[in-house]
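Single-structure report; data block below.
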Amino acid sequence: MAETLSCSAGAVCKRSFPAGSFRTSEYLAVSVSTRIQRCKIHKRVSGRHNLVFSIRGASNSPQINDDGDGDGNSSCGKLGSEKRVNWTTPLLNFASSNFLPLALVTGVALGLANPSLGCIADKYYLSKFSTFGIFFISGLTLRDGDIGATAEAWPVGLFGLASILFLTPCVSRLILLLRLQPPEFVTGLAIFSCMPTTLSSGIALTQLAGGNSALALAMTLISNLLGILIVPFSISKFIADGVGVSIPINPLLKSLVLSLLVPLVIGKVCRETLRDVAGAVDQNRKLLSVISAIFLSLVPWIQVSRSSSILVMVKPAIFLVAIGMGAIMHLTLLAFNIVAIKSLSAISGGSKSIFSKEQNARALVLVASQKTLPVMVAVVEQLGGAFGESGLLVLPCVAAHLNQIIIDSFLVNLWRQKDSKGIPPS
2 MAETLSCSAG
12 AVCKRSFPAG
22 SFRTSEYLAV
32 SVSTRIQRCK
42 IHKRVSGRHN
52 LVFSIRGASN
62 SPQINDDGDG
72 DGNSSCGKLG
82 SEKRVNWTTP
92 LLNFASSNFL
102 PLALVTGVAL
112 GLANPSLGCI
122 ADKYYLSKFS
132 TFGIFFISGL
142 TLRDGDIGAT
152 AEAWPVGLFG
162 LASILFLTPC
172 VSRLILLLRL
182 QPPEFVTGLA
192 IFSCMPTTLS
202 SGIALTQLAG
212 GNSALALAMT
222 LISNLLGILI
232 VPFSISKFIA
242 DGVGVSIPIN
252 PLLKSLVLSL
262 LVPLVIGKVC
272 RETLRDVAGA
282 VDQNRKLLSV
292 ISAIFLSLVP
302 WIQVSRSSSI
312 LVMVKPAIFL
322 VAIGMGAIMH
332 LTLLAFNIVA
342 IKSLSAISGG
352 SKSIFSKEQN
362 ARALVLVASQ
372 KTLPVMVAVV
382 EQLGGAFGES
392 GLLVLPCVAA
402 HLNQIIIDSF
412 LVNLWRQKDS
422 KGIPPS
(Lines of atoms letter the chains of each structure in order from A; the text may use other names.)
(Lines give C-alpha, C1' and ligand atoms only; values in the text may rest on other atoms or scores of the structure.)
Protein backbone atom coordinates (compact mmCIF):
# COMPACT_ATOMS: atom_id res chain seq x y z
CA MET A 2 0.00 0.00 0.00
CA ALA A 3 1.35 3.47 -0.90
CA GLU A 4 0.24 6.81 0.40
CA THR A 5 1.46 10.17 -0.84
CA LEU A 6 1.99 13.43 1.08
CA SER A 7 2.54 16.43 -1.21
CA CYS A 8 3.32 20.03 -0.30
CA SER A 9 2.71 23.23 -2.15
CA ALA A 10 6.45 23.42 -2.74
CA GLY A 11 6.05 20.66 -5.24
CA ALA A 12 7.82 18.00 -3.25
CA VAL A 13 6.10 14.64 -3.01
CA CYS A 14 6.86 12.34 -0.13
CA LYS A 15 6.00 8.68 -0.68
CA ARG A 16 6.16 5.83 1.70
CA SER A 17 5.02 2.24 1.05
CA PHE A 18 3.74 -0.27 3.56
CA PRO A 19 2.46 -3.76 3.13
CA ALA A 20 -1.21 -3.84 2.42
CA GLY A 21 -3.28 -4.34 5.53
CA SER A 22 -0.40 -3.62 7.89
CA PHE A 23 -2.34 -0.72 9.40
CA ARG A 24 -5.16 1.61 8.43
CA THR A 25 -4.71 4.55 6.10
CA SER A 26 -5.93 7.05 8.69
CA GLU A 27 -3.32 5.87 11.17
CA TYR A 28 -0.62 6.21 8.55
CA LEU A 29 -1.77 9.69 7.66
CA ALA A 30 -1.67 10.80 11.29
CA VAL A 31 1.88 9.57 11.67
CA SER A 32 2.97 10.95 8.32
CA VAL A 33 1.51 14.42 8.90
CA SER A 34 2.93 14.71 12.42
CA THR A 35 6.42 13.59 11.40
CA ARG A 36 6.74 15.46 8.11
CA ILE A 37 4.78 18.66 8.68
CA GLN A 38 7.94 20.46 9.82
CA ARG A 39 9.58 19.71 6.47
CA CYS A 40 6.93 21.57 4.49
CA LYS A 41 8.14 24.91 3.22
CA ILE A 42 6.23 28.12 3.68
CA HIS A 43 6.09 30.15 0.53
CA LYS A 44 5.30 33.81 0.48
CA ARG A 45 3.15 35.03 -2.37
CA VAL A 46 3.49 38.37 -4.06
CA SER A 47 0.57 39.69 -2.01
CA GLY A 48 2.63 39.19 1.15
CA ARG A 49 0.47 36.42 2.61
CA HIS A 50 1.99 33.17 3.77
CA ASN A 51 0.75 30.12 1.90
CA LEU A 52 0.73 26.70 3.40
CA VAL A 53 -1.28 24.05 1.52
CA PHE A 54 -1.35 20.41 2.30
CA SER A 55 -2.88 18.02 -0.13
CA ILE A 56 -3.26 14.53 1.16
CA ARG A 57 -4.21 12.01 -1.47
CA GLY A 58 -6.10 8.88 -0.77
CA ALA A 59 -7.95 10.15 2.29
CA SER A 60 -11.31 11.81 1.93
CA ASN A 61 -11.68 12.75 5.60
CA SER A 62 -8.21 14.23 6.15
CA PRO A 63 -7.97 17.76 7.63
CA GLN A 64 -7.52 20.50 5.01
CA ILE A 65 -5.53 23.61 5.86
CA ASN A 66 -6.37 26.71 3.84
CA ASP A 67 -3.98 29.37 2.67
CA ASP A 68 -4.56 31.47 5.78
CA GLY A 69 -3.11 28.74 7.93
CA ASP A 70 -6.40 27.79 9.65
CA GLY A 71 -7.40 24.23 9.96
CA ASP A 72 -10.58 22.36 10.81
CA GLY A 73 -9.03 20.90 13.94
CA ASN A 74 -6.27 21.91 16.30
CA SER A 75 -3.53 22.15 13.69
CA SER A 76 0.02 22.03 14.97
CA CYS A 77 0.89 24.86 12.56
CA GLY A 78 -1.59 27.21 14.30
CA LYS A 79 -1.84 30.55 12.59
CA LEU A 80 1.66 30.81 11.27
CA GLY A 81 0.94 33.66 8.92
CA SER A 82 -1.19 35.85 11.18
CA GLU A 83 0.20 39.25 12.13
CA LYS A 84 0.70 40.06 15.79
CA ARG A 85 -1.21 43.11 16.92
CA VAL A 86 0.51 45.38 19.41
CA ASN A 87 -1.88 46.78 21.98
CA TRP A 88 -0.46 50.24 22.73
CA THR A 89 -2.69 50.63 25.78
CA THR A 90 -1.00 47.79 27.68
CA PRO A 91 2.44 49.42 28.16
CA LEU A 92 0.72 52.72 28.96
CA LEU A 93 -1.37 51.12 31.70
CA ASN A 94 1.65 49.25 33.03
CA PHE A 95 3.61 52.51 33.24
CA ALA A 96 0.74 54.26 35.03
CA SER A 97 0.42 51.38 37.49
CA SER A 98 4.15 51.28 38.22
CA ASN A 99 4.41 55.07 38.63
CA PHE A 100 0.99 55.82 40.10
CA LEU A 101 2.17 57.81 43.13
CA PRO A 102 4.45 60.32 41.34
CA LEU A 103 1.89 60.72 38.55
CA ALA A 104 -0.85 61.41 41.11
CA LEU A 105 1.28 64.01 42.90
CA VAL A 106 2.30 65.78 39.69
CA THR A 107 -1.34 65.77 38.59
CA GLY A 108 -2.33 67.37 41.88
CA VAL A 109 0.22 70.15 41.39
CA ALA A 110 -0.92 70.70 37.79
CA LEU A 111 -4.58 70.93 38.83
CA GLY A 112 -3.71 73.43 41.55
CA LEU A 113 -1.91 75.64 39.03
CA ALA A 114 -4.56 75.29 36.33
CA ASN A 115 -7.64 75.95 38.47
CA PRO A 116 -6.87 77.15 42.02
CA SER A 117 -10.54 77.81 42.81
CA LEU A 118 -11.35 74.10 43.00
CA GLY A 119 -8.52 73.51 45.48
CA CYS A 120 -9.65 76.47 47.58
CA ILE A 121 -13.19 75.08 47.68
CA ALA A 122 -11.79 71.70 48.74
CA ASP A 123 -9.79 73.39 51.48
CA LYS A 124 -12.88 75.32 52.60
CA TYR A 125 -14.71 72.03 53.18
CA TYR A 126 -11.73 70.48 55.04
CA LEU A 127 -10.92 67.93 52.35
CA SER A 128 -7.26 68.03 53.42
CA LYS A 129 -8.24 66.94 56.93
CA PHE A 130 -10.36 64.16 55.46
CA SER A 131 -7.45 62.95 53.32
CA THR A 132 -5.12 62.90 56.35
CA PHE A 133 -7.75 60.96 58.32
CA GLY A 134 -8.04 58.49 55.43
CA ILE A 135 -4.28 57.96 55.20
CA PHE A 136 -3.95 57.06 58.88
CA PHE A 137 -7.16 55.03 58.94
CA ILE A 138 -5.71 52.87 56.16
CA SER A 139 -2.45 52.68 58.12
CA GLY A 140 -4.39 51.35 61.10
CA LEU A 141 -6.22 48.81 58.94
CA THR A 142 -2.96 47.45 57.54
CA LEU A 143 -1.04 47.54 60.84
CA ARG A 144 -0.20 43.98 61.88
CA ASP A 145 0.73 42.96 65.40
CA GLY A 146 4.11 41.87 64.08
CA ASP A 147 4.75 45.42 62.86
CA ILE A 148 4.34 46.74 66.40
CA GLY A 149 6.81 44.16 67.68
CA ALA A 150 9.24 45.13 64.92
CA THR A 151 9.02 48.74 66.08
CA ALA A 152 10.03 47.80 69.62
CA GLU A 153 12.93 45.77 68.24
CA ALA A 154 14.06 48.68 66.04
CA TRP A 155 14.28 51.25 68.85
CA PRO A 156 17.93 52.12 68.03
CA VAL A 157 16.85 53.07 64.51
CA GLY A 158 14.04 55.20 65.89
CA LEU A 159 16.37 56.88 68.36
CA PHE A 160 18.81 57.85 65.63
CA GLY A 161 15.90 59.02 63.48
CA LEU A 162 14.77 61.41 66.22
CA ALA A 163 18.32 62.72 66.61
CA SER A 164 18.57 63.27 62.86
CA ILE A 165 15.21 65.05 62.65
CA LEU A 166 15.58 67.34 65.65
CA PHE A 167 19.32 67.93 66.03
CA LEU A 168 21.37 66.95 62.96
CA THR A 169 19.37 68.09 59.92
CA PRO A 170 18.66 71.56 61.41
CA CYS A 171 22.40 72.22 61.05
CA VAL A 172 21.75 72.52 57.31
CA SER A 173 20.16 75.90 58.07
CA ARG A 174 23.63 77.38 58.59
CA LEU A 175 24.58 76.41 55.03
CA ILE A 176 21.32 77.78 53.63
CA LEU A 177 21.90 81.15 55.28
CA LEU A 178 25.18 81.51 53.37
CA LEU A 179 23.20 81.98 50.15
CA ARG A 180 22.58 85.52 48.91
CA LEU A 181 19.34 85.57 46.94
CA GLN A 182 16.50 88.01 46.43
CA PRO A 183 14.14 88.27 48.14
CA PRO A 184 16.06 87.35 51.33
CA GLU A 185 12.87 85.88 52.83
CA PHE A 186 13.31 82.88 50.52
CA VAL A 187 16.62 82.00 52.16
CA THR A 188 15.35 82.65 55.69
CA GLY A 189 12.17 80.66 55.07
CA LEU A 190 14.08 77.58 53.91
CA ALA A 191 16.43 77.89 56.88
CA ILE A 192 13.44 77.89 59.24
CA PHE A 193 11.94 74.97 57.31
CA SER A 194 15.07 72.86 57.87
CA CYS A 195 14.60 73.20 61.65
CA MET A 196 11.12 71.65 61.59
CA PRO A 197 10.16 68.11 62.68
CA THR A 198 9.11 65.54 60.10
CA THR A 199 5.93 65.62 58.02
CA LEU A 200 2.68 64.65 59.72
CA SER A 201 1.36 62.29 57.06
CA SER A 202 3.36 61.96 53.83
CA GLY A 203 6.40 60.29 55.43
CA ILE A 204 4.25 57.54 56.93
CA ALA A 205 2.20 57.11 53.76
CA LEU A 206 5.32 56.84 51.59
CA THR A 207 6.91 54.39 54.04
CA GLN A 208 3.83 52.20 53.82
CA LEU A 209 3.86 52.34 50.01
CA ALA A 210 7.58 51.47 49.99
CA GLY A 211 7.04 48.36 52.13
CA GLY A 212 8.96 49.92 55.01
CA ASN A 213 8.33 49.72 58.75
CA SER A 214 5.27 51.98 58.89
CA ALA A 215 4.88 51.52 62.65
CA LEU A 216 8.43 52.79 63.16
CA ALA A 217 7.68 55.71 60.84
CA LEU A 218 4.57 56.52 62.86
CA ALA A 219 6.49 56.43 66.14
CA MET A 220 9.21 58.76 64.82
CA THR A 221 6.54 61.12 63.45
CA LEU A 222 4.55 61.39 66.66
CA ILE A 223 7.53 61.69 69.00
CA SER A 224 9.47 64.15 66.82
CA ASN A 225 6.48 66.47 66.48
CA LEU A 226 5.75 66.36 70.20
CA LEU A 227 9.39 67.00 71.12
CA GLY A 228 9.60 69.57 68.34
CA ILE A 229 7.18 71.78 70.26
CA LEU A 230 9.98 72.28 72.78
CA ILE A 231 13.06 71.97 70.55
CA VAL A 232 12.10 73.98 67.44
CA PRO A 233 12.14 77.38 69.22
CA PHE A 234 15.61 76.59 70.55
CA SER A 235 16.82 75.52 67.08
CA ILE A 236 15.52 78.69 65.42
CA SER A 237 17.03 80.88 68.13
CA LYS A 238 20.36 79.05 67.95
CA PHE A 239 20.83 78.63 64.20
CA ILE A 240 18.86 81.52 62.69
CA ALA A 241 17.72 84.26 65.06
CA ASP A 242 20.58 84.33 67.57
CA GLY A 243 18.30 85.07 70.49
CA VAL A 244 15.00 86.10 68.90
CA GLY A 245 12.23 84.58 71.01
CA VAL A 246 9.78 82.27 69.24
CA SER A 247 6.63 80.77 70.74
CA ILE A 248 4.65 77.88 69.27
CA PRO A 249 0.97 77.26 70.10
CA ILE A 250 1.45 74.03 72.04
CA ASN A 251 -2.15 73.10 72.87
CA PRO A 252 -3.62 73.54 69.35
CA LEU A 253 -0.70 71.68 67.79
CA LEU A 254 -0.96 68.80 70.25
CA LYS A 255 -4.71 68.57 69.69
CA SER A 256 -4.18 68.55 65.93
CA LEU A 257 -1.63 65.73 66.17
CA VAL A 258 -3.93 63.57 68.29
CA LEU A 259 -7.05 64.11 66.18
CA SER A 260 -5.47 63.87 62.73
CA LEU A 261 -2.91 61.10 63.36
CA LEU A 262 -3.54 59.03 66.45
CA VAL A 263 -7.36 58.79 66.44
CA PRO A 264 -7.79 57.49 62.85
CA LEU A 265 -4.89 55.08 63.34
CA VAL A 266 -6.51 53.62 66.47
CA ILE A 267 -9.91 53.39 64.76
CA GLY A 268 -8.38 51.50 61.83
CA LYS A 269 -6.52 49.11 64.12
CA VAL A 270 -9.65 48.46 66.21
CA CYS A 271 -11.64 47.71 63.05
CA ARG A 272 -8.96 45.25 61.94
CA GLU A 273 -8.93 43.40 65.25
CA THR A 274 -12.66 43.40 66.12
CA LEU A 275 -14.64 43.20 62.87
CA ARG A 276 -14.96 39.77 61.35
CA ASP A 277 -12.96 39.00 58.19
CA VAL A 278 -11.65 42.58 57.98
CA ALA A 279 -8.02 41.57 58.48
CA GLY A 280 -8.18 38.96 55.72
CA ALA A 281 -9.89 41.31 53.29
CA VAL A 282 -7.37 44.07 54.01
CA ASP A 283 -4.38 41.78 53.53
CA GLN A 284 -5.80 40.53 50.21
CA ASN A 285 -6.36 44.07 48.93
CA ARG A 286 -3.20 45.83 50.11
CA LYS A 287 -2.39 47.01 46.58
CA LEU A 288 -5.80 48.66 46.21
CA LEU A 289 -5.46 50.31 49.62
CA SER A 290 -2.04 51.62 48.60
CA VAL A 291 -3.60 53.24 45.53
CA ILE A 292 -6.32 54.84 47.67
CA SER A 293 -3.70 56.09 50.13
CA ALA A 294 -1.71 57.58 47.23
CA ILE A 295 -4.84 59.41 46.01
CA PHE A 296 -5.38 60.84 49.49
CA LEU A 297 -1.75 61.94 49.57
CA SER A 298 -2.03 63.66 46.17
CA LEU A 299 -4.76 65.91 47.58
CA VAL A 300 -2.14 67.62 49.79
CA PRO A 301 -0.10 69.30 47.00
CA TRP A 302 -3.29 70.08 45.06
CA ILE A 303 -4.77 72.05 47.96
CA GLN A 304 -1.47 73.67 48.98
CA VAL A 305 -0.72 74.92 45.46
CA SER A 306 -4.28 76.23 45.14
CA ARG A 307 -4.01 78.12 48.44
CA SER A 308 -0.67 79.65 47.46
CA SER A 309 -1.85 80.89 44.05
CA SER A 310 -2.35 84.44 45.32
CA ILE A 311 1.27 84.58 46.52
CA LEU A 312 2.61 83.08 43.29
CA VAL A 313 1.41 86.07 41.25
CA MET A 314 3.58 88.34 43.43
CA VAL A 315 6.81 86.57 42.46
CA LYS A 316 8.61 86.52 39.13
CA PRO A 317 8.72 83.05 37.52
CA ALA A 318 12.53 83.00 37.48
CA ILE A 319 12.70 83.72 41.20
CA PHE A 320 10.13 81.04 41.94
CA LEU A 321 12.14 78.52 39.90
CA VAL A 322 15.15 79.38 42.04
CA ALA A 323 13.06 78.66 45.15
CA ILE A 324 12.02 75.30 43.72
CA GLY A 325 15.64 74.42 42.98
CA MET A 326 16.77 75.44 46.46
CA GLY A 327 14.11 73.27 48.07
CA ALA A 328 15.03 70.29 45.89
CA ILE A 329 18.74 70.62 46.68
CA MET A 330 18.01 70.87 50.40
CA HIS A 331 15.92 67.69 50.37
CA LEU A 332 18.44 65.77 48.26
CA THR A 333 21.11 66.81 50.78
CA LEU A 334 19.04 65.44 53.68
CA LEU A 335 18.37 62.22 51.77
CA ALA A 336 22.07 61.73 51.05
CA PHE A 337 23.00 62.42 54.66
CA ASN A 338 20.52 59.90 56.08
CA ILE A 339 21.38 57.22 53.50
CA VAL A 340 25.09 57.52 54.30
CA ALA A 341 24.33 57.57 58.03
CA ILE A 342 22.18 54.42 57.96
CA LYS A 343 24.79 52.53 55.92
CA SER A 344 27.59 53.65 58.24
CA LEU A 345 25.65 52.64 61.35
CA SER A 346 24.87 49.29 59.74
CA ALA A 347 28.55 48.68 58.97
CA ILE A 348 29.80 49.47 62.48
CA SER A 349 27.03 47.65 64.35
CA GLY A 350 27.16 44.16 62.91
CA GLY A 351 26.85 44.40 59.14
CA SER A 352 24.03 42.36 57.66
CA LYS A 353 22.91 41.25 61.14
CA SER A 354 22.49 44.81 62.37
CA ILE A 355 19.03 46.23 63.03
CA PHE A 356 20.06 49.17 60.82
CA SER A 357 20.62 46.86 57.84
CA LYS A 358 17.01 45.67 57.69
CA GLU A 359 15.51 47.15 54.55
CA GLN A 360 12.15 47.99 56.18
CA ASN A 361 13.82 49.98 58.96
CA ALA A 362 16.24 51.73 56.61
CA ARG A 363 13.46 52.86 54.28
CA ALA A 364 11.39 54.21 57.17
CA LEU A 365 14.33 56.18 58.55
CA VAL A 366 15.47 57.61 55.20
CA LEU A 367 11.98 58.80 54.26
CA VAL A 368 10.82 60.14 57.63
CA ALA A 369 14.10 61.71 58.77
CA SER A 370 14.61 63.52 55.45
CA GLN A 371 11.24 65.29 55.32
CA LYS A 372 10.13 68.50 57.05
CA THR A 373 6.60 69.52 57.98
CA LEU A 374 4.92 72.58 56.50
CA PRO A 375 2.00 73.16 58.96
CA VAL A 376 4.33 73.59 61.95
CA MET A 377 6.50 75.95 59.91
CA VAL A 378 3.44 78.06 59.04
CA ALA A 379 2.46 78.17 62.73
CA VAL A 380 5.96 79.31 63.67
CA VAL A 381 6.00 82.05 61.01
CA GLU A 382 2.63 83.33 62.19
CA GLN A 383 4.00 83.62 65.72
CA LEU A 384 7.06 85.53 64.52
CA GLY A 385 4.91 88.51 63.59
CA GLY A 386 7.09 89.63 60.68
CA ALA A 387 10.37 89.50 62.62
CA PHE A 388 12.08 87.76 59.67
CA GLY A 389 10.25 89.52 56.83
CA GLU A 390 7.04 89.11 54.83
CA SER A 391 5.23 85.99 56.02
CA GLY A 392 3.99 85.02 52.55
CA LEU A 393 7.48 85.16 51.08
CA LEU A 394 8.85 83.13 53.99
CA VAL A 395 6.27 80.40 53.42
CA LEU A 396 6.34 80.29 49.60
CA PRO A 397 9.71 78.51 49.14
CA CYS A 398 8.71 76.09 51.89
CA VAL A 399 5.54 75.17 50.00
CA ALA A 400 7.72 74.41 46.98
CA ALA A 401 10.17 72.46 49.15
CA HIS A 402 7.33 70.50 50.73
CA LEU A 403 6.00 69.49 47.31
CA ASN A 404 9.52 68.73 46.09
CA GLN A 405 10.22 66.31 48.93
CA ILE A 406 6.98 64.40 48.36
CA ILE A 407 7.52 64.12 44.60
CA ILE A 408 11.22 63.22 44.89
CA ASP A 409 10.50 60.61 47.55
CA SER A 410 7.66 59.17 45.49
CA PHE A 411 10.14 58.43 42.70
CA LEU A 412 12.48 56.86 45.28
CA VAL A 413 9.62 54.73 46.60
CA ASN A 414 8.73 53.72 43.06
CA LEU A 415 12.33 52.65 42.46
CA TRP A 416 12.28 50.50 45.60
CA ARG A 417 8.97 48.91 44.57
CA GLN A 418 10.33 48.03 41.13
CA LYS A 419 13.40 46.44 42.73
CA ASP A 420 11.14 44.42 45.02
CA SER A 421 8.97 43.24 42.11
CA LYS A 422 12.06 42.09 40.21
CA GLY A 423 13.46 40.31 43.26
CA ILE A 424 16.63 42.43 43.34
CA PRO A 425 18.29 42.09 46.77
CA PRO A 426 18.76 45.31 48.75
CA SER A 427 22.10 47.04 48.32
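Count along the sequence shown starting at 1, add 1, and that's the number in the working numbering. Using N, Cα and C, we set each Cβ at its ideal position, and we do this for glycine too.
For residue i, three-class secondary structure by DSSP
{"i": "Phe469", "result": "There is simply no residue 469 to check, as the chain begins at 2 and stops at 427 in what is shown."}
{"i": "Glu27", "result": "At Glu27 the pLDDT is 45, less than 50, meaning the model places this residue with poor confidence and gives no usable figure here."}
{"i": "Pro183", "result": "coil"}
{"i": "Met330", "result": "helix"}
{"i": "Trp88", "result": "coil"}
{"i": "Thr199", "result": "coil"}
{"i": "Gly149", "result": "helix"}
{"i": "Asp420", "result": "helix"}
{"i": "Lys353", "result": "helix"}
{"i": "Met377", "result": "helix"}
{"i": "Asp123", "result": "helix"}
{"i": "Asp277", "result": "coil"}
{"i": "Leu178", "result": "coil"}
{"i": "Arg144", "result": "coil"}
{"i": "Ser306", "result": "helix"}
Classification of residue i by the beta-carbon crowding that lies within 10 angstroms, buried from 16 upward
{"i": "Leu321", "result": "exposed"}
{"i": "Asn94", "result": "exposed"}
{"i": "Trp155", "result": "exposed"}
{"i": "Gly350", "result": "exposed"}
{"i": "Lys358", "result": "buried"}
{"i": "Phe411", "result": "exposed"}
{"i": "Ile348", "result": "exposed"}
{"i": "Thr132", "result": "buried"}
{"i": "Gly280", "result": "exposed"}
{"i": "Met314", "result": "exposed"}
{"i": "Arg272", "result": "buried"}
{"i": "Asp409", "result": "buried"}
{"i": "Ala96", "result": "exposed"}
{"i": "Leu297", "result": "buried"}
{"i": "Thr169", "result": "buried"}
{"i": "Ser34", "result": "Its pLDDT being 46, under 50, Ser34 is placed unreliably by the model, and nothing is read from it."}
{"i": "Ser293", "result": "buried"}
Residue i CB to nearest heavy atom of the ligand ATP below 7 Å
{"i": "Ile176", "result": "Looking for the ligand ATP in the displayed structure turns up nothing, as the structure carries no ligands at all."}
Whole-Å CB distance - residue i paired with residue j, under 8 Å assumed
{"i": "Ala369", "j": "Ser164", "result": "4 Å"}
{"i": "Ser194", "j": "Lys372", "result": "6 Å"}
{"i": "Phe137", "j": "Gly268", "result": "4 Å"}
{"i": "Ala323", "j": "Leu396", "result": "7 Å"}
{"i": "Phe356", "j": "Leu345", "result": "5 Å"}
{"i": "Leu141", "j": "Val263", "result": "No, Leu141 and Val263 are not in contact; Cβ-Cβ is about 14 Å, not under 8 Å."}
{"i": "Ala191", "j": "Leu200", "result": "Between Leu200 and Ala191 the Cβ distance is about 21 Å, and since that is not below 8 Å, they are no contact."}
key: Touching by the beta-carbon criterion (3+ pairs, under 8 Å), the stretch 299-314 and the stretch 118-135   = Result yes; three or more Cβ-Cβ pairs closer than 8 Å.
query = Is the stretch 364-383 close to the stretch 326-338, with three or more CB pairs under 8 Å?
reply = The stretch 364-383 vs the stretch 326-338: in contact.
message = For the pair the stretch 201-210 and the stretch 287-294, tell me if three or more CB-CB distances fall below 8 Å.
response = Because the criterion of three Cβ pairs below 8 Å is met, the stretch 201-210 and the stretch 287-294 touch.
query = Is the stretch 227-243 touching the stretch 102-118, taking contact as three or more C-beta pairs under 8 Å?
reply = The stretch 227-243, when compared against the stretch 102-118, does not touch it at the 8 Å Cβ threshold.
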